[in-house]
Amino acid sequence: MKKYYTNHLRELEAESIYVMREVAAQFEKPVLLFSGGKDSIVMFYLARKAFYPAKVPFPLMHIDTGHNFPETIEYRDNLMDETGANCIVRYVQDTINSGKVSEETGINASRNMLQTTTLLDAIEELKFDCAMGGGRRDEEKARAKERFFSHRDEFGQWDPKNQRPELWNIFNGKKKMGEHFRVFPLSNWTEMDVWQYIYHEDIPIPNLYFTHKREVFNRDGMWLATAPFMEMKENEKVEVRDVRCRTIGDITCTGVTLSKANSLEDIIQEVAATRVTERGGRYDDKRSESAMEDRKKEGYF
Amino acid sequence: MSEKTVDTTNTYLDMELLRFTTAGSVDDGKSTLIGRLLFDSKAIFEDQMEAIELASKRKGEEHVNLALLTDGLRSEREQGITIDVAYRYFATPKRKFIIADTPGHIQYTRNMVTGASTANVALILVDARNGVLEQTIRHAFIASLLQIPHVIVCINKMDLMEYSEARYEEIREAFMAFSSKLNIKDVRFVPISALKGDNVVTRSEKMDWYEGPTLMYLLESIHIGSDYNHTDGRFPVQYVIRPQSDEFHDFRGYGGRVAGGVFKAGEKVKVLPSGFTSKIKTVELFGKQIEEAFAPQSVTITLEDDIDISRGDMIVPENNSPEIGQDIDIMLCWLNEKPMNLGGKYMLKHTTNDVRCMIKEVVYKIDINTLDHNESDKAIGLNEIARVRLRTTKPLFFDSYRDNRITGSVTIIDEGTNNTVGAGMIV
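These protein sequences, in sequence, are chains A and B.
Note that this note's numbering gives residue 118 to position 118 of the first sequence, counting from 1, and the numbers run on in steps of one.
Note that this note's numbering gives residue 286 to position 286 of the second sequence, counting from 1, and the numbers run on in steps of one.
Encoded structure:
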């Protein structure tokens, strides 16, 4: 008998495309959350595949904390120019200026938590009924129990104990007025899958992922990049090192990795050999054992 | 996929994806087994290990508790039990694995069914000291009900039974005695000790009487290529792609995921429900032609003729149609605290179709511990399984679940709460 064979990347691709087409069919006004990180880049790429030759039938949205690596913004703007896609930008700074949230202070201050308010405001303002995110179940233990279609109440909150059962490939996007969904098309991808896919499809990614010289300092064993808004402790000193980002988030909470990897092949080998999770380099997850679960309940990505 | 030639990257290129479900209760060593599979395949990272070491210490536990790795939510950690399905990932050079880790208590039948719905393989754990229990029967029944093609029975804690061949054989026979009544295509048995590592990844030196493969070898080699139906062509139309741009002015494509059979250009097809026939012009994705598409691929199909087709329609070969009808018998698993309303109306999702349905009749209810049929009890509550008869407002295009897990499955939604309250397998 003839063998019909699909390798794991093709199967994951097929699943994600299926999920995005379901989103386009089941929701009236979906949006794709774009951060400029590799997961959202892959997600946007898959969206283009899903609807080609038509344009992606939903806009992208970037919640800009103002604490981005400048390379991320540059990459985002170039990508939008090249693909003709529309990316809405909402600024955490505006949320701060409006007095809805106040800036954290102190040495580990981060705007990571504040993003949630900006995001929920934008969803309400623009009447989005579904926001797709690049979250993966392998990232963190609270994410391991997340559905593809994750229901949020009118306050944007996630109730992990009351999730809808999700069986086969049947996704239930039914909701009441004012409620919305978060959808995670990359749920079943691992960090390694994402890199292999980028490699095999030749997807351009920001230079931050490759080795470069950067001013960094060490805090509690983690390398952080310097920036004008970064407060440093007295004993921390700036050095120039060869580093790369394993994950791209805010400068304030994204650790960089000492690395000489300057090609996708190098990165894949590094990921294969590495013994610390991706989010191990995220200061925001180190706050408590259930830091991610708590943020998700409030409406985080 | 383009040709690339780098050693490490290539080892990961040609992997198949295998989804398996594990069911077991608190004490049968399921978490230890999953911990061992993850640990031995290097899927547990140092920071995760550190986190659970810290948490174990804080609770005053002597050993690192690998179960903490699988208890994701705070309420679960507080209660020390798994409540919801958790998905775990690991890979060996041969395959990538997705584990749907489900709790085994009777009140979590709902979760077991959910985890089983997408699995190629079910791992059933049996504690060698206790042998086949009610819950073993329940797990095997759910595996057969959900038509998981392969079942691996792990007879665990062999170290506590002096690695006795006689004990292994006794349990094997007890399992076969009732599972022969179930419809399970492929059952394997492995004697293991998850704690000590015997026959999990490496062969046990304590059980030279066992000549079969290790659990990992089975997971890596079990043939899953034919788990999908590659005979009966089924293409539920998911999304109509109409660019309406100058360049693709006349393009009209049908986006969908192949649910069965093989689709290729030139083939004569029929569109349901209209019955119009045409020929496939192209099977493509992202502008690239695909020679033949089969499950579970997502593609875009274009036809030679301009026919009015929308989401919910199904493209099938001209001479191979699914069943078409409004009166449907399903095996129903009820997933909600609010009991099923006999005679009530619900929403029903089937492939890319949404219809309304009425639950007309409970044919029988199954006692999931004894597998007995009860024809007089018509009350169906949470975690209960019954054969019911439905009538839908519109005809569905379906196959029996046995023939096709995609076109043979439905979910039932409460119209008041929008919650998914039932899972059905078409008989």
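We treat Cβ as the ideally placed atom computed from N, Cα and C, and that holds for glycine.
To which residues does DSSP link residue i through a beta bridge?
{"i": "A/His180", "result": "A/Arg152"}
{"i": "B/Gly325", "result": "B/Leu396"}
{"i": "B/Pro317", "result": "B/Val269"}
{"i": "A/Phe171", "result": "BP columns for A/Phe171 are empty, so no partner."}
{"i": "A/Met61", "result": "A/Leu33, A/Ile88"}
{"i": "B/Phe97", "result": "B/Leu18, B/Phe90"}
{"i": "A/Trp223", "result": "A/Asn218, A/Val256"}
{"i": "B/Gln289", "result": "B/Glu284"}
{"i": "B/Ser409", "result": "B/Met425"}
Would the beta-carbon of residue i fall within 9 Å of that of residue j?
{"i": "B/His230", "j": "B/Gly261", "result": "yes"}
{"i": "A/Asp250", "j": "A/Thr211", "result": "no"}
{"i": "A/Glu191", "j": "A/Glu139", "result": "yes"}
{"i": "B/Arg257", "j": "B/Asp399", "result": "no"}
{"i": "A/Met43", "j": "A/Gly134", "result": "yes"}
{"i": "A/Asn108", "j": "A/Thr65", "result": "no"}
{"i": "A/Phe314", "j": "A/Glu166", "result": "Any property of residue 314 of chain A remains undetermined from this structure, which presents chain A solely from 1 to 301."}
{"i": "B/Arg311", "j": "B/Thr352", "result": "yes"}
{"i": "B/Ile192", "j": "B/Leu33", "result": "yes"}
{"i": "A/Trp223", "j": "A/Lys38", "result": "no"}
{"i": "A/Ile63", "j": "A/Leu119", "result": "yes"}
{"i": "B/Ala100", "j": "B/Ala86", "result": "yes"}
{"i": "B/Val421", "j": "B/Lys338", "result": "yes"}
{"i": "B/Asp232", "j": "B/Leu125", "result": "no"}
{"i": "B/Val316", "j": "B/Leu272", "result": "yes"}
{"i": "B/Leu335", "j": "B/Leu382", "result": "yes"}
{"i": "A/Ile248", "j": "A/Thr72", "result": "yes"}
{"i": "A/Cys245", "j": "A/Tyr209", "result": "yes"}
{"i": "B/Arg387", "j": "B/Asp327", "result": "no"}
{"i": "B/Ile155", "j": "B/Thr21", "result": "no"}
Determine the chain B residues that contact residue i at a beta-carbon separation under 7 Å, and present them in chain order.
{"i": "A/Ala122", "result": "Here the premise fails: no neighbours, minimum Cβ distance about 24 Å."}
{"i": "A/Gln157", "result": "Simply none; closest approach about 15 Å."}
{"i": "A/Asp138", "result": "Tyr89"}
{"i": "A/Ala261", "result": "Chain B residues near A/Ala261: none, gap ~12 Å exceeds 7 Å."}
Measuring CA to CA, which of the options is closest to residue i?
{"i": "B/Asp208", "options": "B/Leu215, B/Asn199, B/Ala122", "result": "B/Asn199"}
{"i": "B/Pro322", "options": "B/Ile368, B/Tyr401, B/Ser117, B/Ile385", "result": "B/Tyr401"}
{"i": "A/Thr6", "options": "B/Glu165, B/Lys157, B/Tyr228", "result": "B/Tyr228"}
{"i": "A/Thr117", "options": "A/Phe155, A/Cys253, A/Met80", "result": "A/Phe155"}
{"i": "B/Asn183", "options": "B/His150, B/Thr214, B/Ala23, B/Cys154", "result": "B/His150"}
{"i": "A/Tyr75", "options": "A/Gly255, A/Ser259, A/Glu104, A/Ser35", "result": "A/Ser35"}
{"i": "B/Asn374", "options": "B/Ser117, B/Val362, B/Leu382, B/Gly381", "result": "B/Val362"}
{"i": "B/Leu285", "options": "A/Tyr91, A/Lys38, A/Glu13, A/Asp153", "result": "A/Glu13"}
{"i": "B/Lys360", "options": "B/Ile330, B/Thr352, B/Lys338, B/Thr351", "result": "B/Ile330"}
{"i": "A/Pro30", "options": "A/Lys127, A/Glu236, A/Phe171", "result": "A/Lys127"}
{"i": "B/Gln238", "options": "B/Phe251, B/Val427, B/Lys365, B/Gly255", "result": "B/Gly255"}
{"i": "B/Gly424", "options": "B/Leu348, B/Leu218, B/Gly416", "result": "B/Leu348"}
{"i": "B/Asp250", "options": "B/Asp159, B/Arg391, B/Asp305, B/Asp313", "result": "B/Asp305"}
{"i": "B/Gly266", "options": "B/Thr277, B/Tyr87, B/Leu37, B/Met15", "result": "B/Thr277"}
{"i": "B/Lys196", "options": "B/Asp101, B/Leu160, B/His350, B/Thr302", "result": "B/Leu160"}
{"i": "A/Asp153", "options": "A/Trp168, A/Cys130, A/Glu179, A/Ile248", "result": "A/Glu179"}
{"i": "A/Glu125", "options": "A/Met61, A/Asp81, A/Ile198, A/Gly84", "result": "A/Met61"}
{"i": "A/Lys100", "options": "A/Asp121, A/Met80, A/Arg90", "result": "A/Asp121"}
{"i": "A/Arg21", "options": "A/Tyr4, A/Lys3, A/Ala54, A/Leu9", "result": "A/Ala54"}
{"i": "B/Asp40", "options": "B/Thr411, B/Thr300, B/Gln147, B/Leu215", "result": "B/Leu215"}
{"i": "B/Ile222", "options": "B/Arg19, B/Arg203, B/Asp14", "result": "B/Arg19"}
{"i": "B/Arg36", "options": "B/Arg88, B/Gly287, B/Leu146, B/Lys181", "result": "B/Arg88"}
Counting only Cβ pairs nearer than 9 Å, list the residues of chain A close to residue i.
{"i": "B/Arg298", "result": "For clarity, residue 298 of chain B is Ser in the given sequence; the question names Arg instead. Simply Glu13, Ala14, Glu15, Ser16, Ile17, Tyr18, Arg21, Lys49, Ala50."}
For residue i, which residues in chain A fall below 7 Å Cβ to Cβ?
{"i": "B/Asn419", "result": "Arg164"}
{"i": "B/Tyr239", "result": "Arg21, Ala24, Ala25"}
{"i": "B/Gly287", "result": "Tyr52, Pro53"}
{"i": "B/Thr118", "result": "Trp168"}
{"i": "B/Met15", "result": "Asn7, His8"}
{"i": "B/Thr114", "result": "Pro165, Glu166, Leu167"}
Identify the contact partners of residue i in chain A, using a Cβ-Cβ distance below 8 Å as the criterion.
{"i": "B/Ile406", "result": "Trp168, Asn169"}
{"i": "B/Ser409", "result": "Leu167, Trp168, Ile170"}
{"i": "B/Ile98", "result": "Asn188"}
{"i": "B/Ile413", "result": "Asn172, Lys174"}
For residue i, go through chain B and note every residue whose CB falls closer than 9 Å to its CB, in chain order.
{"i": "A/Tyr4", "result": "Gly225, Ser226, Tyr228, His230, Val262, Glu292, Phe294, Ala295"}
Runs of 4 residues minimum, wholly inside the segment 182-265 of chain B: which ones carry the alpha helix (DSSP H) assignment?
215-221
Could I get the ranges of all uninterrupted beta strand (DSSP E) runs contained in the segment 233-264 of chain A, with 3 residues as the minimum, in chain order?
239-245, 256-258
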